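Q: The sequence shown runs 7 to 470 under this note's numbering. My structure is below; once you've seen it, I'll send some questions.
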Amino acid sequence: MASRALFSVALGAITLLSGCSAFRNYDSELAQTNQQLASGNVDAALTLLEKNNTSKDKDLLYFFEKGELLRAKGDLSGSQTAWGSADQQVGQWEDAVKLDTAKYLAQFGSFLVNDKVRRYEGYDYEKVMLTTQMALNLLAVNDFDGARTQIKKTHEREAVIADLRDKEYLKREEDAEKQGVKTEYKDLRGYPVASLDAPEVVSLKNSYQSAFSHYLAGFVYEALGEKDLAAPGYRKAAELRPNTPLLEQALLNLDKPAAKDDDSDILIVVQSGLAPSRDSIRIPLPLPISGNLVITPLSFPLIKPDTSTATFTQIGVDGRQLDLTQLNSTTAMSRRALRDDMPGIILRTSVRAITRGVAQKQINETNPLAGLAVGITSAVLEGADTRTWRTLPDYTQVVRLRLKKGEHQVTLPSAVGGSVVKVKIDQRYQVISLRAVGNQVFAGGLAAQVIPSANPTAIALKQP
7 MASRALFSVA LGAITLLSGC SAFRNYDSEL AQTNQQLASG NVDAALTLLE
57 KNNTSKDKDL LYFFEKGELL RAKGDLSGSQ TAWGSADQQV GQWEDAVKLD
107 TAKYLAQFGS FLVNDKVRRY EGYDYEKVML TTQMALNLLA VNDFDGARTQ
157 IKKTHEREAV IADLRDKEYL KREEDAEKQG VKTEYKDLRG YPVASLDAPE
207 VVSLKNSYQS AFSHYLAGFV YEALGEKDLA APGYRKAAEL RPNTPLLEQA
257 LLNLDKPAAK DDDSDILIVV QSGLAPSRDS IRIPLPLPIS GNLVITPLSF
307 PLIKPDTSTA TFTQIGVDGR QLDLTQLNST TAMSRRALRD DMPGIILRTS
357 VRAITRGVAQ KQINETNPLA GLAVGITSAV LEGADTRTWR TLPDYTQVVR
407 LRLKKGEHQV TLPSAVGGSV VKVKIDQRYQ VISLRAVGNQ VFAGGLAAQV
457 IPSANPTAIA LKQP
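In structure tokens, the structure reads:
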């Protein structure tokens, strides 16, 4: 009777845990939200987001997603407020890391806690892209000083991340040696290793430094007359994405004469698509459990690229076709992050499985029903963490040119609806930001407005 009671309790616990927010199907939730975004129903996307986040204690992902949706809607003030809340949470993470890095690594590297039940702290590239996106919001209303503040924060955040990852690597190597666990993802038979070893992934210096972020920094510093700070930004961008003419030319142009009074230096930023999702795949691994090698199926994350938006390489400006230069791919950064994280994921997952296997064997010897309950519970609880910032744009492409002050038209290709965007140029330096998702084009800020008559499916955004 006691065994049956224990079994019933275990099944009840499974049911409760399955309904817990820590075990929500985040990918499914955001797939629905992004479907609404891609069809132009931003309000419906926001409604879904709120429906799926009813807790008073909103997590980091909620603010990530809300900020991007409000940005697409044209509510830049609301977007900054949401992202400001996200930035506070990331700031708390930074404080914890700087206060006691060893303690943070010990807590994060715990072998007993499944990754998907931890409080979501964001991937490194998400933390850096947060302040970059906040800078774009400010540049959309010509607030270069405000954007400079966000750019400075981006650089400081990169430094914290770099120091942490160096220490994390050393600790992981020590732990793997102590536990006697191999952490090479190439040993996972059946895992799509090629996706992590793709040239565009391996060529990245790391998962969090973006050529776009640093190029944008250079442009902002140049616009503010701080050429001594603009040059390092352009140089870093060129280092992160070598053999890119736009980046090399930016440095050369710092020494050229200023434009005429009626000319403006314009940076058009086109962000398209959606960040990739994360899925879970089960791979059987031989693990040493109680002196025997036991084939144990373990769950590991994998990246699934978004296919909602066609790729394009050109835009039209006043009838001229101009080539876009890609400076960022969230898919590549996400894969690089996973590539770097896989040794730690394999280590934690394997040690947890070995510990669980030993405990379950001991329970089975005295109480088979209890052992079965433990096994069922483990099957429910174990799984790869599939949470990630899904509304974040995938590709970021730019074109830089000089235009006369006044009104101009930017035309996007038919692959994304063939939208025409009316642009008003009235500043010496100006940034125009556009977002393409599905066949929708979103534009916000004081300078850009989608012309509804050119594309009935597009959303016209107006700012006061």
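No residue lacks a Cβ here, since even glycine has one placed at the ideal position from N, Cα and C. Fair warning: this is a prediction, and the values are worked out from it, not measured in the lab.
Quick one: Cα of E35 to Cα of K310, how far?
A: Counting from one through the sequence shown, the residue named residue 35 turns up at place 29. Counting from one through the sequence shown, the residue named residue 310 turns up at place 304. About 16 Å.
Q: Taking all protein chains shown into account, do 16 or more other C-beta atoms lie within 10 angstroms of the C-beta of R284, making it buried, or fewer, making it exposed?
A: Within the sequence shown, the letter at position 278 stands for residue 284. A residue is called buried once 16 or more other Cβ atoms fall within 10 Å of its Cβ, and R284 is buried on that count.
Q: To the nearest angstrom, how far is it from the Cα of T137 to the Cα of D93?
A: Taking the sequence shown and counting its residues from 1, the one referred to as residue 137 is at position 131. Taking the sequence shown and counting its residues from 1, the one referred to as residue 93 is at position 87. For T137 and D93, the distance between alpha carbons rounds to 8 Å.
Q: Nearest-angstrom Cα distance between D130 and S425?
A: As a first step, residue 130 must be located in the sequence shown, where it is residue number 124. As a first step, residue 425 must be located in the sequence shown, where it is residue number 419. When rounded, the distance between both Cα atoms is 33 Å.
Q: Return the residue from the list V166, R434 and G84 that minimises the CA-CA distance to M140.
A: The residue labelled residue 140 in the question sits at position 134 within the sequence shown. Nearest option by C-alpha distance: G84.
Q: Got a sec, what are the start and stop residues for the alpha helix (DSSP H) G322 sits in?
A: Locating residue 322 in the sequence shown gives position 316, where the first residue counts as 1. That residue, G322, is in no alpha helix (DSSP H); its beta strand (DSSP E) goes Q320 to V323.
Q: Work out the CA separation of H161 and F225 for me, nearest whole Å.
A: Counting from 1 along the sequence shown, the entry for residue 225 is found at position 219. Counting from 1 along the sequence shown, the entry for residue 161 is found at position 155. Roughly 15 Å separates the two Cα atoms.
Q: Can you tell me whether N259 is buried or exposed, with buried defined as 16 or more other CB within 10 angstroms of its CB?
A: On the sequence shown, position 253 is the one that residue 259 refers to. So N259 ends up on the exposed side.
Q: Going by beta carbon distance, what residues of the same chain come within less than 7 Å of K211, once the five residues before and after it are set aside?
A: Walking along the sequence shown from the start, residue 211 turns up at place 205. Excluding positions up to five away in sequence, the list reads L246.
Q: Whose CA, out of L43, F448, Q403 and A264, lies closest to the CA of V317?
A: For this step, residue 317 is matched to residue 311 along the sequence shown. The residue you asked about is not Val; residue 317 is Thr in the sequence shown. Closest option to T317, Cα to Cα, is Q403.
Q: What are the start and end residues of the alpha helix (DSSP H) that includes D33?
A: For the purposes of this step, residue 33 is identified with residue 27 of the sequence shown, where counting begins at 1. Note, D33: alpha helix (DSSP H), Y32 to A44.
Q: Indicate the three-state DSSP secondary structure (helix, strand or coil) for R288 in the structure shown.
A: Translated into the one-based positions of the sequence shown, residue 288 becomes position 282. Note: R288 maps to strand in three-state DSSP.
Q: Would you kindly work out how many angstroms separate the C-alpha atoms of S27 and I321, rounded to a whole number?
A: As a first step, residue 27 is located in the sequence shown; it is residue number 21 there, counting from the start. As a first step, residue 321 is located in the sequence shown; it is residue number 315 there, counting from the start. Here S27 scores only 47 on pLDDT, less than 50, and its place in the model should not be relied on; the value that follows carries that caveat. Straight-line Cα distance between these residues: approximately 42 Å.
Q: Per the DSSP calculation, S335 is bridged to which residue(s)?
A: Within the sequence shown, the letter at position 329 stands for residue 335. In the DSSP output, where bridge partners are listed per residue, S335 has Y401.
Q: Work out the CA separation of R125 and V103 for me, nearest whole Å.
A: Here residue 103 is taken as the residue at index 97 of the sequence shown, counted from 1. Here residue 125 is taken as the residue at index 119 of the sequence shown, counted from 1. Using only the alpha carbons, I get a separation of about 15 Å.
Q: Going by other Cβ atoms of all chains shown within 10 Å of its Cβ, with 16 needed for buried, is Q327 buried or exposed?
A: The residue given as residue 327 occupies position 321 in the sequence shown. Exposed, since its Cβ has fewer than 16 Cβ neighbours within 10 Å.
Q: Is it a yes or a no for the segment 186-203 touching the segment 331-349, going by three-plus beta-carbon pairs under 8 Å?
A: Enough Cβ pairs lie closer than 8 Å, so yes.
Q: Assess, as a yes-or-no matter, whether the segment 436-448 is touched by the segment 143-151 under the definition of 3 or more beta carbon pairs within less than 8 Å.
A: By the C-beta criterion, the segment 143-151 is judged to be in contact with the segment 436-448, since at least 3 inter-stretch pairs fall below 8 Å.
Q: Where do the ends of the beta strand (DSSP E) carrying D271 lie?
A: Taking the first residue of the sequence shown as 1, we reach residue 271 at position 265. Its beta strand (DSSP E) spans residues D269 to S278.
Q: Please report the straight-line C-alpha distance between A50 and S340, rounded to a whole angstrom.
A: Looking up residue 50 in the sequence shown gives position 44. Looking up residue 340 in the sequence shown gives position 334. Rounded to whole angstroms, A50 to S340 spans 27 Å at the Cα level.
Q: Kindly indicate which residue of D268, R354, G90 and Y401 has the alpha-carbon position closest to the one of L333.
A: On the sequence shown, residue 333 is found 327 positions in, with the first residue counted as 1. Ranking D268, R354, G90 and Y401 by Cα distance to L333 puts Y401 first.
Q: Whole angstroms are fine: how far does the CA of A264 sit from the CA of L308?
A: Your numbering for residue 308 matches position 302 in the sequence shown. Your numbering for residue 264 matches position 258 in the sequence shown. If I take the Cα positions, the gap works out to 48 Å.
Q: So for S420, helix, strand or coil by DSSP?
A: Counted from its first residue, the sequence shown places residue 420 at position 414. S420: helix per DSSP, three-state reduction.
Q: Tell me, which residues are paired with K428 by DSSP?
A: Here residue 428 is taken as the residue at index 422 of the sequence shown, counted from 1. DSSP lists Q415 and Q455 as partners of K428.
Q: In the DSSP assignment, the alpha helix (DSSP H) including P205 goes from what residue to what residue?
A: Residue numbering aside, residue 205 sits at position 199 when the sequence shown is read from its first letter. Unbroken alpha helix (DSSP H) run through P205: P205 to V208.
Q: Quick check: the Cα distance between R393 and L409, rounded to an integer number of angstroms?
A: Position 387 of the sequence shown, counted from the first residue, corresponds to residue 393. Position 403 of the sequence shown, counted from the first residue, corresponds to residue 409. So the alpha carbons of these two residues sit roughly 42 Å apart.
Q: Evaluate E132 with the Cβ neighbour count: other Cβ atoms within 10 Å of its Cβ, from every protein chain shown; 16 or more gives buried, anything less gives exposed.
A: Here residue 132 corresponds to residue number 126 of the sequence shown, with the count starting at 1. Buried, because 16 or more other Cβ atoms sit within 10 Å of the Cβ of E132.
Q: Buried or exposed: D169, going by 16 or more other Cβ atoms within 10 Å of its Cβ?
A: Taking the sequence shown and counting its residues from 1, one reaches residue 169 at position 163. So D169 ends up on the exposed side.
Q: Let me check understanding here. Comparing Cα to Cα, which of K79, S91 and M348 lies closest to F70?
A: Stepping through the sequence shown from its first residue, residue 70 is reached at position 64. It is S91.
Q: Report the rounded CA-to-CA distance for F448 versus I457, giving the unit in angstroms.
A: In the sequence shown, residue 448 corresponds to position 442, counting from 1. In the sequence shown, residue 457 corresponds to position 451, counting from 1. The straight-line gap from Cα to Cα measures roughly 11 Å.
Q: In chain order, which continuous runs of the alpha helix (DSSP H) of length 4 or greater are located wholly inside the segment 229-269?
A: Contiguous alpha helix (DSSP H) elements confined to the segment 229-269 occur at 233-246 and 251-259, taking only those with 4 or more residues.
Q: Consult DSSP for L328 and reduce its assignment to one of helix, strand or coil.
A: Working through the sequence shown from its first residue, we reach residue 328 at position 322. Here L328 carries a strand assignment [DSSP, helix/strand/coil].
Q: By the DSSP assignment, the alpha helix (DSSP H) with V300 in it spans what residues?
A: By 1-based counting over the sequence shown, the position of residue 300 is 294. Unbroken run through V300 is the beta strand (DSSP E), N298 to K310; no alpha helix (DSSP H).
Q: What residues match up with Y435 in a beta bridge as DSSP calls it?
A: The sequence position of residue 435 within the sequence shown is 429, counting from 1. Answer is D271, bridged to Y435.
Q: What does a CB cutoff of less than 6 Å around K109 pick up in its chain, not counting 5 residues either side in sequence?
A: The residue labelled residue 109 in the question sits at position 103 within the sequence shown. Closer than 6 Å at Cβ, skipping near neighbours: no residue.
Q: Measure from the alpha carbon of Q41 to the alpha carbon of each residue in Q455, Q446 and T361, then state which is nearest.
A: As a first step, residue 41 must be located in the sequence shown, where it is residue number 35. Out of Q455, Q446 and T361, Q446 has the C-alpha closest to the C-alpha of Q41.
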